[in-house]
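Novice: What follows is a structure written as structure tokens; I'll ask about it next.
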Amino acid sequence: MDYQRLRSVADELMEQYGDLASKVEIRDGEITMMMSPSAPHELNAMRLRRQLDRQLTGDLVAHTGGDVEDPVLGILRRPDLLVVSEADLEQAEDSIDPRILHLVAEIVSPSNHTNDYQEKMQDYPAMGIPLYLLVDPRKGTVTVCSDPADGPDGPRYRATHDYAFGDAVQVGPWTVDSSEFKLYAPR
361 MDYQRLRSVA DELMEQYGDL ASKVEIRDGE ITMMMSPSAP HELNAMRLRR
411 QLDRQLTGDL VAHTGGDVED PVLGILRRPD LLVVSEADLE QAEDSIDPRI
461 LHLVAEIVSP SNHTNDYQEK MQDYPAMGIP LYLLVDPRKG TVTVCSDPAD
511 GPDGPRYRAT HDYAFGDAVQ VGPWTVDSSE FKLYAPR
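Per the working numbering, residue 361 is the first one in the sequence shown, and the count goes up by one each step.
Written out as structure tokens, the structure is:
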């Protein structure tokens, strides 16, 4: 099935079942519907957004929401947070072009962590996104990925830096105080 047809089916699914799922993503010819995030997940996203908001200059904004789409690659993602120019965001129609983003961030969910660590680790550099911030409240870690480029196995981030909750995390020109993040309760 071609990407435009997949996108149309995904939109129909959200219209019909949107009360059961909070977002839809497309990758490798598959549609994934996701449940609403937990309160601790959303708390961490809010705390990250608040920290970035205090540091962003010009018309850059930290935005929690919005479809990021590359139809040529057949990828539709909905990051937990992104940094983008407000002027560019204002020009966006149905989805956001990944090439205008300065940063995407994901808060790892307790049940679907491979999506953030493996699939998005391939998709985001392929989409040309310069910075990928991965906050993992399961383990109390933060990973900063940068310098996207082609590698022997496809697009990848050439630089990866790992931190523990409590560290000051350098993310491009911004610094994130990871001591503000909340660990998930043990399961």
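We put the beta carbon where it would ideally sit given N, CA and C, even for glycine.
Are the beta-carbon atoms of residue 421 and residue 467 separated by less than 8 Å?
Specialist: The answer is no: Cβ separation not under 8 Å.
Novice: Mind reading off the beta-carbon distance from residue 544 to residue 470? Whole number of angstroms is fine, and I expect it under 8 Å.
Specialist: That pair is a contact at about 6 Å.
Novice: In its own chain, which residues sit with a C-beta less than 7 Å from the C-beta of residue 412, not counting the 5 before and 5 after it?
Specialist: These residues qualify, in order along the chain: 422, 443 and 534.
Novice: Going by Cα to Cα distance, which pick from 523, 501, 445 and 489 is closest to residue 508?
Specialist: Comparing Cα positions, the closest option is 489.
Novice: To the nearest angstrom, how far is it from the Cα of residue 459 to the Cα of residue 375?
Specialist: So the alpha carbons of these two residues sit roughly 28 Å apart.
Novice: Report the rounded CA-to-CA distance for residue 400 versus residue 438, giving the unit in angstroms.
Specialist: So the two alpha carbons sit approximately 18 Å from each other.
Novice: In chain order, what residues of the same chain have a beta carbon less than 6 Å from the beta carbon of residue 527, not counting five sequence neighbours either side?
Specialist: Closer than 6 Å at Cβ, skipping near neighbours: 538.
Novice: Does the distance from the C-beta atom of residue 463 to that of residue 456 stay below 8 Å?
Specialist: Their beta carbons are not under 8 Å apart, which means residue 463 does not touch residue 456 by this criterion.
Novice: Hey, could you find the ends of the beta strand (DSSP E) residue 466 is sitting in?
Specialist: 461-467 is the extent of the beta strand (DSSP E) around residue 466.
Novice: In this structure, does DSSP put residue 383 in helix, strand or coil?
Specialist: Of the three classes helix, strand and coil, the one that applies to residue 383 here is strand, per DSSP.
Novice: Which whole-angstrom value describes the C-beta separation of residue 405 and residue 441, a residue pair presumed to lie in contact below a C-beta threshold of 8 Å?
Specialist: That belief holds up - the Cβ atoms of residue 405 and residue 441 are roughly 6 Å apart, short of 8 Å.
Novice: What would DSSP say about residue 547, mapped onto helix, strand or coil?
Specialist: Coil.
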